[in-house]
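Engineer: At the far end of the sequence shown sits residue 270, using the working numbering, and the numbering has no gaps.
Glycine included, each C-beta is placed from N, C-alpha and C at the ideal position.
Fair warning: this is a prediction, and the values are worked out from it, not measured in the lab.
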Amino acid sequence: MQTINCTTTLITPQGKQEVQEQVLKERPFSVTLNDELMGTAMVLATDLKEFAAGYLFGQGYLTQEDEVLEVNVCVEGRIDVYADVEVVKDEEMIITSGCGGTGKIARRLLEENFPDLNDFKIDFTQIGDLVRSSLSVSGLSQQTHCVHGCGFLTEGGFEACFEDVGRHNAVDKVMGGIILGRFSPAGAIYTTGRLTSDMVLKCARMGIPIVLSRTAPSSLGLEIARKAGITLGAYVRPGRVNVFNAPERIIIQQPETKVHCNCSP
Numbered sequence: 006m007q008t009i010n011c012t013t014t015l016i017t018p019q020g021k022q023e024v025q026e027q028v029l030k031e032r033p034f035s036v037t038l039n040d041e042l043m044g045t046a047m048v049l050a051t052d053l054k055e056f057a058a059g060y061l062f063g064q065g066y067l068t069q070e071d072e073v074l075e076v077n078v079c080v081e082g083r084i085d086v087y088a089d090v091e092v093v094k095d096e097e098m099i100i101t102s103g104c105g106g107t108g109k110i111a112r113r114l115l116e117e118n119f120p121d122l123n124d125f126k127i128d129f130t131q132i133g134d135l136v137r138s139s140l141s142v143s144g145l146s147q148q149t150h151c152v153h154g155c156g157f158l159t160e161g162g163f164e165a166c167f168e169d170v171g172r173h174n175a176v177d178k179v180m181g182g183i184i185l186g187r188f189s190p191a192g193a194i195y196t197t198g199r200l201t202s203d204m205v206l207k208c209a210r211m212g213i214p215i216v217l218s219r220t221a222p223s224s225l226g227l228e229i230a231r232k233a234g235i236t237l238g239a240y241v242r243p244g245r246v247n248v249f250n251a252p253e254r255i256i257i258q259q260p261e262t263k264v265h266c267n268c269s270p
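1. Pairs of beta-carbons, one from the segment 190 to 203 and one from the segment 46 to 59, closer than 8 Å: are there three or more?
2. With the cut-off set at 8 Å, would you say T201 and S223 are in Cβ contact?
3. Would you call the CB atoms of G181 and A46 closer than 8 Å?
4. Go through its chain and collect everything with a Cβ distance to V28's Cβ below 7 Å, but skip five positions before and after it.
5. So, for I229: in the same chain, excluding its five sequence neighbours on each side, which residues have a beta-carbon less than 7 Å away from its beta-carbon?
6. DSSP three-state call for H150: helix, strand or coil?
7. Which first and last residues belong to the beta strand (DSSP E) in which K126 is found?
8. Assign S189 to one of three DSSP states: helix, strand, or coil.
9. Between the C-alpha atoms of G171 and V92, what's the straight-line distance to the nearest angstrom?
10. Please classify G65 as buried or exposed, where buried requires at least 16 neighbouring CB atoms within 10 angstroms.
11. Are A136 and V241 closer than 8 Å when you measure CB to CB?
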């Protein structure tokens, strides 16, 4: 169970009454890479293998090309990742706007070139499908109102929606799914969180061409999207999206026009 029952006091103009609420379980998990501790984050204890791989990717310790050999989740609150990489910890890190304890990245990531994006496009109606599919599997959001969600769509359809107490953690789980080979980066990602620089940077480094959010981008998030050529859509709701960059990847199907003939025989 990822929730606990809690008795609360509901206060309204009519008075006080006891009601039952579901409270999300938040736990610390340490992440190691080749037996070296890389950090500890406060997370929702679901999809932990994906989280660990994405966490290491987000901070610059793994790339999409690196081979992850093994991921083990330990009962004592540790996730051990083994990969064919050399661990380099002594580099300048930037504190970001991240939440859940994951808010730092290597400075060099802001200076590296981004991979070329594929030619993936999305139909406008699929954006609504992505939002609805993400929300429909987000049971904890309905129960607790305490999680962020992150859905992913490829040419094969809706792939997954990951949940976590932090918006970065949820996005990291998508990144980890890609690194672990669950799905291709050629797709559209939808997050309930803000599109700040570190969020967009992860997508740019992974080569995800379409990044969508329920909320807004920051100025540096938009700058990174422009540099990478990413389609950046905000304020997403079924039936609308405000695109800040590269709208050409979103296709609108024009309805067929029927021609009526009033010619006399």
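Structural biologist: Here's the rundown:
1. no
2. yes
3. no
4. T8, I9, C11, T149
5. S202, V205, L206, A209
6. coil
7. It is not in any beta strand (DSSP E) - K126 carries neither H nor E in the DSSP assignment.
8. coil
9. 26 Å
10. buried
11. For the sequence presented, residue 136 should be read as Val rather than Ala. Taking 8 Å as the Cβ cut-off, V136 and V241 qualify as a contacting pair.
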